[in-house]
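Accompanying notes for the structure given below.
Number of protein chains: 4
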Amino acid sequence: MSELGHWPISVEIAVQWGEMDALNHVNNTVFLRWMETARMNYFIDCGFSELYESEGVGPILANINVDYIKPVGFPDTVTIYNTITLIGNASFEMGYRITSAAMDGATVAAGTASCVVFDYREGKSTPMPDTLRTSILEFEASGNA
Amino acid sequence: MSELGHWPISVEIAVQWGEMDALNHVNNTVFLRWMETARMNYFIDCGFSELYESEGVGPILANINVDYIKPVGFPDTVTIYNTITLIGNASFEMGYRITSAAMDGATVAAGTASCVVFDYREGKSTPMPDTLRTSILEFEASGNA
Amino acid sequence: MSELGHWPISVEIAVQWGEMDALNHVNNTVFLRWMETARMNYFIDCGFSELYESEGVGPILANINVDYIKPVGFPDTVTIYNTITLIGNASFEMGYRITSAAMDGATVAAGTASCVVFDYREGKSTPMPDTLRTSILEFEASGNA
Amino acid sequence: MSELGHWPISVEIAVQWGEMDALNHVNNTVFLRWMETARMNYFIDCGFSELYESEGVGPILANINVDYIKPVGFPDTVTIYNTITLIGNASFEMGYRITSAAMDGATVAAGTASCVVFDYREGKSTPMPDTLRTSILEFEASGNA
């Protein structure tokens with residue numbers, strides 16, 4: 161069984177009325193905002209945010225991919241699940257799943273994000289520090305899947 | 161004691177990371193989004209949304225006023241309180257207060273909204289129906305203040 | 161030479177200050193907003209919006225993929241290029257390229273969108289009407305590539 | 161004739177499709193985004209942004225007031241006009257007017273912003289520096305009104 165992909169993060173967010181667009185459902189950009197909030201929670205919880213504060217090494221978003229599965233309306237509360245699925249030398253892959261309370265937990269979107277580990281002081285990508293790799297594996301081990 | 165201004169609505173919303181701007185606190189536009197979500201909850205709960213569905217009579221936003229009192233960051237959860245403070249012939253006034261959980265419930269913003277009662281079928285403002293006025297007074301009576 | 165992929169749409173949009181996030185560059189969600197505006201211009205210009213008005217047949221967004229290539233700041237003006245690259249039976253693929261005036265036209269992002277042709281009256285996907293296919297091919301022929 | 165209120169700033173911004181909400185016109189929050197972009201242009205052009213960079217003295221938004229006069233749709237291009245109407249000891253007042261190209265330049269919204277001059281290094285409000293006051297008066301003199 162893989163050490164990754166255990167979905168340790170879930171974040172609940174109330175849909176806001178103004179997030180709906182002229183087609184009467186939540187606009188496609190909002191799903192990225194939700195994914196980003198889950199991602200930031202992941203980075204805080206696994207110690208990546210702290211590493212950025214202390215060492216200037218942090219993530220940069222390189223690619224986003226989203227499958228829009230069901231339209232979301234207001235009022236509703238979504239839950240965003242987030243996990244790291246792959247760690248490369250200087251990059252990593254994240255997975256996302258978004259479910260709707262109003263639809264009894266049905267999956268409304270799924271996606272991925274590719275991130276690069278970046279040394280902001282040097283201005284270039286850098287191998288993922290071993291301490292961070294270990295923290296991520298420990299954090300993933302706390303997940304439910 | 162007034163029949164209005166009893167703050168029957170409170171809505172909790174988790175701050176999202178991407179709602180912060182380049183000054184590292186939540187952007188001024190987001191406070192209006194939060195107020196709008198509280199307002200829509202008010203309109204649903206007092207029966208105004210139903211009146212719009214059945215009769216085509218609904219509110220139009222005419223003015224917004226916001227005092228920005230304290231900057232809000234991520235992560236945090238805000239609570240938006242909403243009440244109607246005045247009912248005119250074809251208009252009404254709403255009051256808002258926003259508090260922060262991270263600041264132990266301190267008020268971070270306060271505001272007002274002026275709305276006009278609009279007959280969307282006739283394309284003009286219209287006196288507030290007596291049934292709606294009664295519903296609002298009953299809904300306000302359920303408030304905590 | 162293909163009849164598609166001729167990039168008939170280009171839209172200029174001024175970056176707004178509040179579109180930057182706490183990392184001091186334009187937030188990842190904004191690129192989807194820009195792509196969406198270009199897409200709506202495409203749908204208006206190729207006659208798809210008119211078909212939606214008259215027949216209730218319109219597009220639904222199924223997938224978005226974005227490569228973030230360079231960070232964008234304020235002030236700047238971006239240009240979003242949009243084309244259809246593939247037409248299937250009841251779906252089609254779009255391509256996007258976003259360039260920055262402040263970076264002398266450098267490409268800051270590239271992406272794709274997958275859309276399904278949807279009959280909103282029947283509530284299900286539907287084959288793309290031949291008239292629309294013809295309009296799209298004619299519109300693509302007006303492109304620069 | 162006053163030295164202030166000469167409207168030296170005008171900024172054109174293309175409406176984006178996704179800025180419309182479920183009522184099919186531009187959401188009320190977007191007007192604040194537009195006003196903010198005009199304000200940042202004002203601060204750059206009058207030297208306030210430079211003062212913030214060099215001295216850590218910059219503006220903080222204390223109050224926003226907006227009259228929503230006409231609904232705005234897509235496609236359209238708005239022009240935001242911005243001026244300073246009053247300079248106090250440690251604060252100043254700005255005026256806004258937003259017009260629509262699709263409505264032949266009709267005013268769609270008007271508003272004000274109250275700002276405080278803030279010393280970010282000291283963490284408290286501070287009197288407006290005389291050099292900034294002079295720059296603002298010179299910049300206002302370049303206006304059209």
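Protein chains in written order, with my numbering: chain A, 161 to 305; chain B, 161 to 305; chain C, 161 to 305; chain D, 161 to 305. Where is the CB? At the ideal position from N, CA and C, for every residue including glycine. The model shown is predicted, which means the values in this text are computed figures rather than measured ones.
Suppose the cutoff is 6 Å on Cβ atoms and the five residues either side in sequence are ignored; what does the same chain contact list for residue i look like?
| i | result |
| --- | --- |
| Y212/B | G218 |
| T191/C | Before going further, note that residue 191/C is Phe rather than Thr in the sequence given. Closer than 6 Å at the Cβ level, and outside the excluded window around F191/C, lie V226, A269. |
Taking C-beta to C-beta, are residue i and residue j nearer than 7 Å?
| i | j | result |
| --- | --- | --- |
| T272/B | N225/B | yes |
| V186/D | V232/D | yes |
| Y228/D | A269/D | yes |
| V276/A | A198/A | no |
| G255/C | T239/C | no |
| E196/C | G178/D | yes |
| T237/C | A261/C | yes |
| T189/D | R193/B | yes |
| L164/D | E298/D | no |
What is the DSSP secondary structure of residue i, reduced to helix, strand or coil?
| i | result |
| --- | --- |
| A250/C | coil |
| D264/B | coil |
| D181/A | coil |
| T291/C | helix |
| V175/C | coil |
| S302/A | coil |
| N242/B | strand |
| D205/D | helix |
| N133/B | The requested residue 133/B is not part of the displayed model; chain B covers only 161 to 305. |
| I169/C | strand |
| R199/A | helix |
| S274/C | strand |
| I296/A | helix |
| L221/A | strand |
| Y280/B | coil |
| S307/C | Residue numbering for chain C in the displayed model covers 161 to 305; residue 307/C lies beyond these limits and cannot be assessed. |
Spatial neighbours of residue i within its chain, please: C-beta separation below 8 Å, excluding the five flanking residues on both sides.
| i | result |
| --- | --- |
| N249/A | P287, M288 |
| T259/B | V238, T239, Y241, G265, A266, T267, V268 |
| N184/D | G233 |
| D205/B | P168, I169, F299 |
| H166/A | T243, E300, A301, S302, G303, N304, A305 |
| M200/B | S209 |
Output needed for residue i: all residues of its chain with C-beta closer than 7 Å, excluding positions within five of it in sequence on either side, in chain order.
| i | result |
| --- | --- |
| F203/C | S209, P219 |
| S302/A | P168 |
| S274/D | A222, N223, S251, E253 |
| R257/D | Y241, T267, A270 |
| D181/B | N187 |
| M263/C | K230 |
| R293/B | I247 |
| P235/A | V175 |
Measure the beta-carbon distance from residue i to residue j and round it to whole angstroms, keeping in mind my assumption that it falls under 8 Å.
| i | j | result |
| --- | --- | --- |
| G207/C | D279/C | Their Cβ separation, rounded to whole angstroms, is 17 Å, which puts G207/C and D279/C out of contact at 8 Å. |
| Q176/B | I173/A | 7 Å |
Examine chain G for any beta-carbon lying closer than 7 Å to the beta-carbon of residue i, and answer yes or no.
| i | result |
| --- | --- |
| G271/A | Absent from the structure: chain G. Protein chains present are A, B, C and D. |
Taking Cβ-Cβ distances below 7 Å as the criterion, which residues of the stretch 209 to 225 of chain C are in contact with chain A? L221, A222, N223, I224, N225
Could you name the residues of the stretch 187 to 210 of chain B whose beta carbon sits closer than 9 Å to any beta carbon of chain C, in the order they occur along the chain? N187, N188, T189
- Query: What residues from the stretch 223 to 244 of chain C come within 8 Å of chain A, judged by C-beta to C-beta, listed N to C?
  - Reply: Result list: N223, I224, N225, V226, D227, Y228.
To be precise: take each residue of the stretch 175 to 187 of chain D, compare its Cβ to all Cβ atoms of chain A, and keep it if any distance is under 9 Å. Which residues remain? W177, G178, E179, M180, D181, A182, L183, N184, H185, N187
Q. Of the residues that make up the stretch 252 to 264 of chain B, which ones have a beta carbon closer than 9 Å to any beta carbon in chain A?
A. Within the stretch 252 to 264 of chain B, no residue qualifies.
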